[in-house]
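There are 2 protein chains.
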Amino acid sequence: MTITSSTVRGRTELCTAIENELSGLIGKRASAATAYGPDFARLWALAGQNVLGGKFVRPLLLMETYDALHQAQEPRRRETAISIAAAIELLHYAFLLHDDVIDGDLVRRGHPNLIGSLLAEAGENARAGSGLHWAQTGGILMGDMLLAATHQSFARADLPHGLRLRLLDLLEHTINETVAGEQLDVGLGDGIIAPDLQTILVMCGYKTATYTFELPLRAAATLAGADFAVENALATAGRHLGLAFQLQDDLLSTFGDPRRHGKDPFSDLREGKETAIIAHARTTMAWPDIEPFFGRPELSVGDGEHVRRHLSDCGAEAFVQGLIEEQMQAFNNQLTSTIPASVRNVMLDLAGQLEGRQS
Amino acid sequence: MTITSSTVRGRTELCTAIENELSGLIGKRASAATAYGPDFARLWALAGQNVLGGKFVRPLLLMETYDALHQAQEPRRRETAISIAAAIELLHYAFLLHDDVIDGDLVRRGHPNLIGSLLAEAGENARAGSGLHWAQTGGILMGDMLLAATHQSFARADLPHGLRLRLLDLLEHTINETVAGEQLDVGLGDGIIAPDLQTILVMCGYKTATYTFELPLRAAATLAGADFAVENALATAGRHLGLAFQLQDDLLSTFGDPRRHGKDPFSDLREGKETAIIAHARTTMAWPDIEPFFGRPELSVGDGEHVRRHLSDCGAEAFVQGLIEEQMQAFNNQLTSTIPASVRNVMLDLAGQLEGRQS
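First to last, the sequence lines map onto chains A and B. Mapped onto the UniProt record's numbering, the consecutive letters of the first sequence carry residue numbers 1 to 359. Mapped onto the UniProt record's numbering, the consecutive letters of the second sequence carry residue numbers 1 to 359.
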């Protein structure tokens, strides 16, 4: 899949438009926040830095799909589409923040996240041991405000009321599924929910595919006035692709090159993360050799390499590669004539990012 | 202040209407939740029990104010008012849940809260030490869903779009102020923010007066088509009353009769809660005798009584009683002819609850 120079130019323009919209949404709130003192204003300043430093995967998918679907005879709603695209990026960041609180994470992609920054800044001001409490409280509260801001953008969308309600339905469905996915993920990690493969695959779909792929695709179709058959085919294709991406993430974390993905290569094993890789390994003869090392925070590099070799030898790596191929096959099966050719190209471009992905 | 039997009958009918609306809002979500498995459904079941067991202070204030303000020539929006009143109760419960996560609380009014229930039910299923993590995650996630549900009700309100936007503005303002108040409260407790009296009073206003009094009053005025002057006078009166209630809460926790209020009489002292009482005590000669006991989780009953005696003798109790009187004076000053007599009665009835309050 090659990306033409016109695609690149289009994407740069889109990124600028999305960035401007996000700057506006966050900027006006950051200004208003100063009336509530420096600590409150700091939350918005940090959120602004983190949101504007993102890759805009979800808003770009929405806008490229909208542009590809939009028909000349439909009312032009591009500005509204940009505002919904930006709101979806705020939703993503709200989920990330609450996920970071839940997981106790202080770092994202090698940099302190909002919580890590607040912790570092609390420094010696905080009463002994309370810096983390203060910082995680900031994460919960900022997530709440971004969740509120997402809803405000949807509720104010410049659309006929019926269409606005349709987008609000989508938002509600998305939040429910993402929350259900997050709860499953935590339940798996905490040993509350049994880690069978089916549950893990359902969890991956709910936790990320819904809001990363299904929401932007359905929102784009709604805004462009596309047929419901087109919207459904896109959403189904998106869910398969989302699951493929998630499974590939798991493979990369365990078997990928840490110099490329920049993460601790054994963090999933140390955390005891219940992935499809582990679910398969549990069903093999190799599990008794793996289990003693699984979920051990103090896992050494030597032990990590030992487990990785076992996970490969027992067939778990190949099994998950097979699952990814199945999802990609199901994805391709959706790209029939129901979906206009221009939109198929957007989807294929996205799928192309899966190939040769190293991080 | 006596409550007439017609007031009591009216309130019972209002309670039923609010309860029906809340049952509908939660019931449809609880039904949909079963598709995502028992753990997800359990969140909605517990939330339903807790929300429907509430006293509906905020929705009642909104509806009584709406009924008192509504003019015959204005469009009748009573059903919409009920839906907004119920949404405000969901917002209250969302805030309570995130507050309980932040404070590590498992009990509210002598019963397990949602987090406490999830912890008890996790029991031996949870991996060692992870039951609390699972339960608090449930608190964060359920709070997120209730915050979303609140916005959905506001966004779908059956109103002209301009009025709906006005309510959405109010909601945004309320959430920002409540979050700012919560952050101040946590910053005071964690030793990040200096505990001077002014900061503590501002914190009390933001954290509870805004969403408990100002929001229902302004929403009622907006829905009833009242003049902005009336809305502002009500909101100002409500803020003063809210602060008076909060200050009285602090007095009751420390000096009240625990057989009446049902709380650990020294919990504020054990937690090191920065109240107006403590802020005043810090400025007196008695502070060196109080400080060694303040914020000590293991405080004995004897030490607690010693501190309480000091807080009374040093004038802190009387000082806060004086602050309450000031707030009530400012409250009464707002009840001028700007506010119609029927609404003044609603406000005076509410203020009457402050007198002789034991819990």
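Even glycine gets a Cβ: it sits at the ideal position worked out from N, Cα and C.
>> Distance check for D257 (chain A) and F245 (chain A), CA to CA, integer angstroms please.
In response: 17 Å
>> What would DSSP say about H98 (chain B), mapped onto helix, strand or coil?
In response: Helix at H98 (chain B).
> In chain B, which residues lie less than 8 Å from W134 (chain A) when you measure between Cβ atoms?
Replying inline: V186, G187, D190 and I192
> Is it buried or exposed for Q71 (chain A), if we count other Cβ within 10 angstroms and need 16 for buried?
Replying inline: exposed
> CA-CA distance, A194 (chain A) and A120 (chain B)?
Replying inline: 19 Å
> How would you label A35 (chain A), buried or exposed, when you count the other beta carbons within 10 angstroms and need 16 or more for buried?
Replying inline: exposed
> When DSSP labels each residue in this structure, what does R76 (chain A) get in the three-state scheme?
Replying inline: When DSSP states are grouped into helix, strand and coil, R76 (chain A) belongs to the coil group.
> Within this structure, are the beta carbons of G205 (chain A) and R164 (chain A) separated by less than 8 Å?
Replying inline: It is not a contact, given that the beta carbons lie outside the stated cut-off.
> Taking just the CA atoms, how far does F228 (chain A) sit from E274 (chain B)?
Replying inline: 56 Å
> What is the rounded straight-line gap between the Cα of I82 (chain B) and the Cα of R344 (chain B)?
Replying inline: 21 Å
> Which one of B:E19, B:N50, B:Q321 and B:R78 has the shortest CA to CA distance from A220 (chain B)?
Replying inline: B:R78
>> So, with DSSP's three-state summary, where would you put R109 (chain B)?
In response: Coil at R109 (chain B), not helix or strand.
> To which residues of the same chain is E355 (chain A) closer than 7 Å at the C-beta, ignoring the five residues directly before and after it?
Replying inline: Excluding sequence neighbours, E355 (chain A) sits near nothing in its chain.
> With a cut-off of 8 Å, does the C-beta of H280 (chain A) fall near any C-beta of chain B?
Replying inline: no
> If A41 (chain B) sits next to A33 (chain B), beta carbons under 8 Å apart, how far is it from one beta carbon to the other, in whole angstroms?
Replying inline: Sure, about 4 Å apart at Cβ, within 8 Å.
> What's the gap between the Cα of Y93 (chain B) and the Cα of A135 (chain B)?
Replying inline: 16 Å
>> Quick check: is the beta carbon of I102 (chain B) nearer than 8 Å to any beta carbon in chain A?
In response: yes
>> Nearest by alpha-carbon distance to P216 (chain A): which of A:L201, A:T199 and A:A237 is it?
In response: A:A237
>> Taking the beta carbon of T16 (chain B) as the centre, do at least 16 other beta carbons fall within 10 Å, making it buried, or is it exposed?
In response: By the beta-carbon neighbour count (other beta carbons within 10 angstroms, threshold 16), T16 (chain B) is exposed.
> By Cβ distance below 7 Å, which residues in the same chain neighbour A276 (chain B) in space, the five residues on each side in sequence not counted?
Replying inline: L197, I200, L201, L247, D250, V320 and L323
> Roughly how far, in whole angstroms, is the beta-carbon of V101 (chain B) from the beta-carbon of I140 (chain B), given that I think they are within contact range, below 8 Å?
Replying inline: 6 Å
> Are the C-beta of L147 (chain B) and some C-beta of chain A separated by less than 8 Å?
Replying inline: For L147 (chain B), the nearest beta carbon of chain A is closer than 8 Å to its own beta carbon.
>> So, with DSSP's three-state summary, where would you put M1 (chain A)?
In response: Summary for M1 (chain A): the model assigns pLDDT 42, below 50, so the residue's position carries little reliability; its value from the coordinates is reported in the next sentence. Coil.
>> Let me confirm a value: Y211 (chain A) is counted as buried when at least 16 other C-beta atoms fall within 10 Å, else exposed. Which label applies?
In response: Within 10 angstroms of the beta-carbon of Y211 (chain A) lie 16 or more other beta-carbons, which makes it buried.
> Out of curiosity, what's the CA-to-CA distance linking M142 (chain B) and D103 (chain B)?
Replying inline: Whole-angstrom Cα-Cα distance: 16 Å.
>> Please report the straight-line C-alpha distance between G110 (chain A) and D264 (chain A), rounded to a whole angstrom.
In response: 10 Å
>> So that I know if they touch, is there some Cβ in chain A lying closer than 8 Å to that of V51 (chain B)?
In response: no
>> Going by beta-carbon coordinates alone, are I84 (chain B) and A157 (chain B) separated by less than 8 Å?
In response: yes
> What does D39 (chain A) reach in chain B if we use C-beta pairs closer than 8 Å?
Replying inline: Counting only Cβ-Cβ distances below 8 Å, D39 (chain A) has contacts in chain B at Q183, L184, G187, I192 and I193, in chain order.
> E172 (chain B) versus chain A: which residues are under 7 Å apart at the beta carbon?
Replying inline: A148 and Q152
>> How far does the alpha helix (DSSP H) with S342 (chain B) in it extend, from its first residue to its last?
In response: Per DSSP, S342 (chain B) is one residue of the alpha helix (DSSP H) stretching across A341 to G352.
>> Just to check my reading of the structure: R29 (chain A) and A128 (chain A) have Cβ atoms closer than 8 Å, yes? What is that Cβ distance to the nearest angstrom?
In response: In fact, because the Cβ distance is near 33 Å, the residues do not count as touching under 8 Å.
>> So T254 (chain B) contacts chain A; which residues on that side make the cut at Cβ distance below 7 Å?
In response: Chain A residues near T254 (chain B): none, gap ~21 Å exceeds 7 Å.
> At what residue ranges does the region 294-322 of chain B contain a whole run of the alpha helix (DSSP H), taking only runs of 4 or more?
Replying inline: 301-313
>> I want to verify the contact list: residues of chain B whose CB lies under 7 Å from the CB of D105 (chain A), in sequence order.
In response: By Cβ distance, chain B contributes nothing, its closest Cβ being about 13 Å from D105 (chain A), past 7 Å.
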